[in-house]
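Chemist: Okay, handing you the structure first.
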Amino acid sequence: MTGLVFGLQPTTVLAFSGAAIALILTPGPDTMYVLARGLDGRESGVRSAFGIATGVLFHTMLATLGVAALLQTVPEAAMAIQYVGAAYLIYLGVVALRNDEFDPSVETDASGSFRRGVLVNALNPKVALFFLAFLPGFAGRGPGAGQRMAFLGALYALLTAIYLSSVALGANRLGDALAETRVTRLLNYVGAGTMLLLGVVLALE
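Going by our numbering, the first residue of the sequence shown is number 4, and it counts up by one from there.
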């Protein structure tokens, strides 16, 4: 057992980290959402990033408990969650177009960005199914498989938080550089339009 990391060989952990980083760097709804929020402000962007990472932990829990397998065998349940997630993305896009999501007169709870980030990730059954397929291949089977999956999921969440926080900070710097210009408003529209498009695509799939 010497040299094992939570029951895993170091080489397995390194291989998982490499695969996870490659997947995290692939642009998707999570990245676009954090990018849009980062343009609104550093705090909102970073909170959104950590919300997404928390959503990853949620899906890890589902995969560990086997709930993701239920979604795979009951298409109606997965479809219902998919529609809810699509509706939520569309809602976020509409709110962003109105440009009042982070208006102090509208948003009085500073944790709102974090909660939204959690929901953007959690309300995506495809992520749950992905973790069901991805984690067991590295965690293996037999005694301790659940603990190994939990560790790998937590590692994935940590890597997600680091990357998306950098995306949020980069977007914030870009927003500061373009402040008081029409480009900033255009970028906000692009971010909002992206969320609307992702919601529509998710609903039609």
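C-beta atoms are modelled at their ideal positions from N, C-alpha and C, and glycine is treated no differently.
Which residues share a DSSP beta bridge with V59?
Modeler: Mapped onto the sequence shown, residue 59 falls at position 56. Answer is none; V59 lacks a bridge partner.
Chemist: Rounded to whole angstroms, what's the CA-CA distance from L42 to P146? Just pull it up for me.
Modeler: Start at 1 with the first residue of the sequence shown, and residue 42 comes out as number 39. Start at 1 with the first residue of the sequence shown, and residue 146 comes out as number 143. Computed Cα separation, rounded: 46 angstroms.
Chemist: Report the rounded CA-to-CA distance for S20 versus P32, giving the unit in angstroms.
Modeler: Mapped onto the sequence shown, residue 20 falls at position 17. Mapped onto the sequence shown, residue 32 falls at position 29. Rounded to the nearest angstrom, the two C-alpha atoms are 21 angstroms apart.
Chemist: Which of helix, strand or coil does DSSP assign to P107?
Modeler: In the sequence shown, residue 107 corresponds to position 104, counting from 1. The predicted position of P107 is uncertain, since its pLDDT is 35 and thus under 50; no value can be drawn from it.
Chemist: List the whole-angstrom C-beta distance separating F134 from T34, where the pair is believed to meet the contact cut-off of C-beta under 8 angstroms.
Modeler: Against the sequence shown, residue 134 aligns to sequence position 131. Against the sequence shown, residue 34 aligns to sequence position 31. With 8 angstroms as the limit, F134 and T34 do not qualify as a contact, their Cβ atoms being about 17 angstroms apart.
Chemist: Going by DSSP, what residues sit across from L11 in a beta bridge?
Modeler: Sequence index remark: in the sequence shown, residue 11 carries index 8 (1-based). In the DSSP output, where bridge partners are listed per residue, L11 has V8.
Chemist: Would you mind stating whether I55 and G120 have Cβ atoms separated by less than 8 angstroms?
Modeler: By one-based count along the sequence shown, residue 55 stands at place 52. By one-based count along the sequence shown, residue 120 stands at place 117. A distance below 8 angstroms separates the beta carbons of I55 and G120.
Chemist: For G147 and chain D, any beta-carbon pair shorter than 8 angstroms?
Modeler: The structure shown contains no chain D; it is built from a single protein chain.
Chemist: Only counting runs of 4 or more residues, tell me where the alpha helix (DSSP H) segments fall wholly within the region 115-141, in order along the chain.
Modeler: 115-125
Chemist: Going by other Cβ atoms of all chains shown within 10 Å of its Cβ, with 16 needed for buried, is L7 buried or exposed?
Modeler: Here residue 7 corresponds to residue number 4 of the sequence shown, with the count starting at 1. So L7 counts as exposed.
Chemist: For V130 and G115, I'd like the C-alpha separation in whole angstroms.
Modeler: Walking along the sequence shown from the start, residue 130 turns up at place 127. Walking along the sequence shown from the start, residue 115 turns up at place 112. C-alpha of V130 to C-alpha of G115: approximately 22 angstroms in a straight line.
Chemist: Under a three-way DSSP split, which group does P32 fall into?
Modeler: By one-based count along the sequence shown, residue 32 stands at place 29. When DSSP states are grouped into helix, strand and coil, P32 belongs to the helix group.
Chemist: Tell me whether T1 is buried or exposed, calling it buried when 16 or more other Cβ atoms sit within 10 Å of its Cβ.
Modeler: There is no way to answer for residue 1, as the model of the chain reaches only from 4 to 208.
Chemist: Taking the CB atoms as reference points, tell me whether G48 and V37 lie closer together than 8 angstroms.
Modeler: Reading the sequence shown from its first residue, position 45 is the one you call residue 48. Reading the sequence shown from its first residue, position 34 is the one you call residue 37. For G48 and V37, yes; Cβs fall inside 8 angstroms.
Chemist: Is the beta carbon of V59 less than 8 angstroms from the beta carbon of G156?
Modeler: Numbered from its first residue, the sequence shown carries residue 59 at position 56. Numbered from its first residue, the sequence shown carries residue 156 at position 153. Yes, they are a contact pair.
Chemist: Would you report the Cα separation of G69 and I27, rounded to the nearest angstrom?
Modeler: Indexing the sequence shown from 1 puts residue 69 at position 66. Indexing the sequence shown from 1 puts residue 27 at position 24. Their Cα atoms are separated by approximately 23 angstroms.
Chemist: Look at the alpha carbon of L95 and the alpha carbon of L172, and state the distance between them as a whole number of angstroms.
Modeler: Start at 1 with the first residue of the sequence shown, and residue 95 comes out as number 92. Start at 1 with the first residue of the sequence shown, and residue 172 comes out as number 169. So the two alpha carbons sit approximately 20 angstroms from each other.
Chemist: On the three-state DSSP scale, how would you describe R40?
Modeler: Stepping through the sequence shown from its first residue, residue 40 is reached at position 37. Reduced to three states, the DSSP call for R40 is helix.
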